[in-house]
Ligand SMILES: NC(=O)c1ccc[n+]([C@@H]2O[C@H](COP(=O)([O-])OP(=O)(O)OC[C@H]3O[C@@H](n4cnc5c(N)ncnc54)[C@H](OP(=O)(O)O)[C@@H]3O)[C@@H](O)[C@H]2O)c1
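In structure tokens, the structure reads:
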């Protein structure tokens, strides 16, 4: 069987370099291109030290797509991610999106194009298994508990809010129902911002402070009791590799936009 040809946009980054190493080690996958502006013209072997891997790095998506990847992985920045994803779809690739910060409007446009070109897009705010489980547990909790809020924590330098994990969870909970607010937002006394942002029917608060990596609390409250589901990430990009490899192998079976790794997992 032919190997699946993969292009990783952001292959030299923190998450993308760990994934590139994972692809290089995985049977049946062939890493054919990376994208990074500052390392264009070099190879991944030179830049991230993947031994024996003379994979070319391109500065633009247009050049990288000339390698005709079957699957394009987007792992760069939100300001360029939509352009990369739409270009890859129009170039005939299926797409896995790991980048956080794309809006629901971006995803609506991506969903339309994916359907048009008969390709799959699998967007996963967090590839870690523990996050997939948090999402599942939160969906169950939202069926029984009408009040909840999310708090996403990250380091002071993270620009996009909320985190991809928080955004994706709000999107999923919206499919269960909206969280109940006993005091409507327009009846609040004091600065309304302190109640966070209402995102698809969920109050979301983003904390950005030095000393934090990435974590997410989903808090469900009932009179006299509460349930707190917390996911905490460490400093390694390792937990994201296995989930991303699964997404890469499965996205070719999909058509249109699918969000969350559980779209391709059995529970
Ligand atoms: N879904 C998940 O499980 C998961 C896990 C970890 C991270 N993430 C998300 O993945 C994204 C990347 O995170 P990171 O920590 O790996 O970032 P990073 O270390 O800053 O790496 C970013 C990569 O993207 C490239 N890049 C940036 N802007 C570009 C542009 N305009 N055109 C082409 N390439 C560009 C960078 O290379 P150049 O600067 O040389 O262009 C670099 O290779 C973030 O949105 C992060 O939140 C998601």
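Residue numbers (our numbering): 29 to 295. Here a beta-carbon is modelled for each residue, glycine too, at the ideal position from N, C-alpha and C. As the structure is a prediction and not an experimental result, all values here were calculated from the model.
query = So which of 222, 245, 184 and 117 has the shortest CA-CA distance to residue 256?
reply = The shortest C-alpha to C-alpha distance from residue 256 to any of 222, 245, 184 and 117 is the one to 245.
task = Run through the stretch 117-156 for me and flag every whole alpha helix (DSSP H) of 4 or more residues, listed as ranges in chain order.
result = Taken in chain order, the whole alpha helix (DSSP H) runs of length 4 or more contained in the stretch 117-156 are 132-145.
ask   = Going by DSSP, which residues form a beta bridge with residue 257?
value = Paired residues: 246.
message = Give me the DSSP bridge partner(s) of residue 177.
response = Note: residue 177 sits in a beta bridge opposite 231 and 247.
key: Unbroken beta strand (DSSP E) run spanning residue 59, endpoints   = Per DSSP, residue 59 belongs to the beta strand (DSSP E) from 57-63.
query = Using the C-alpha atoms, what's the distance from residue 87 back to residue 66?
reply = Their backbone Cα atoms lie some 7 Å apart in a straight line.
message = Using a Cβ-Cβ cutoff of less than 7 Å, which residues in the same chain neighbour residue 204 once the five nearest sequence positions on both sides are dropped?
response = Excluding residues up to 5 positions away in sequence, 167, 170 and 171 lie with their Cβ nearer than 7 Å to the Cβ of residue 204 in the same chain.
ask   = With burial defined as no fewer than 16 other Cβ atoms inside 10 Å of the residue's Cβ, what is the status of residue 63: buried or exposed?
value = Buried: at least 16 other Cβ atoms inside 10 Å.
key: Same chain only: Cβ atoms within 7 Å of residue 225, ignoring 5 sequence neighbours per side   = So the qualifying residues of the chain are 232.
request  = In angstroms with no decimal places, state the Cα-to-Cα distance between residue 156 and residue 271.
outcome  = Going by the C-alpha atoms only, they are around 6 Å apart.
key: CB-CB length for residue 61 against residue 83, believed under 8 Å   = That belief holds up - the Cβ atoms of residue 61 and residue 83 are roughly 7 Å apart, short of 8 Å.
request  = Measure the CB-CB distance between residue 98 and residue 33 and report whether it falls below 8 Å.
outcome  = A contact, by the Cβ cut-off of 8 Å.
ask   = So does residue 52 have its beta carbon nearer than 7 Å to some heavy atom of ligand 1?
value = No - ligand 1 has no heavy atom lying nearer than 7 Å to the Cβ of residue 52.
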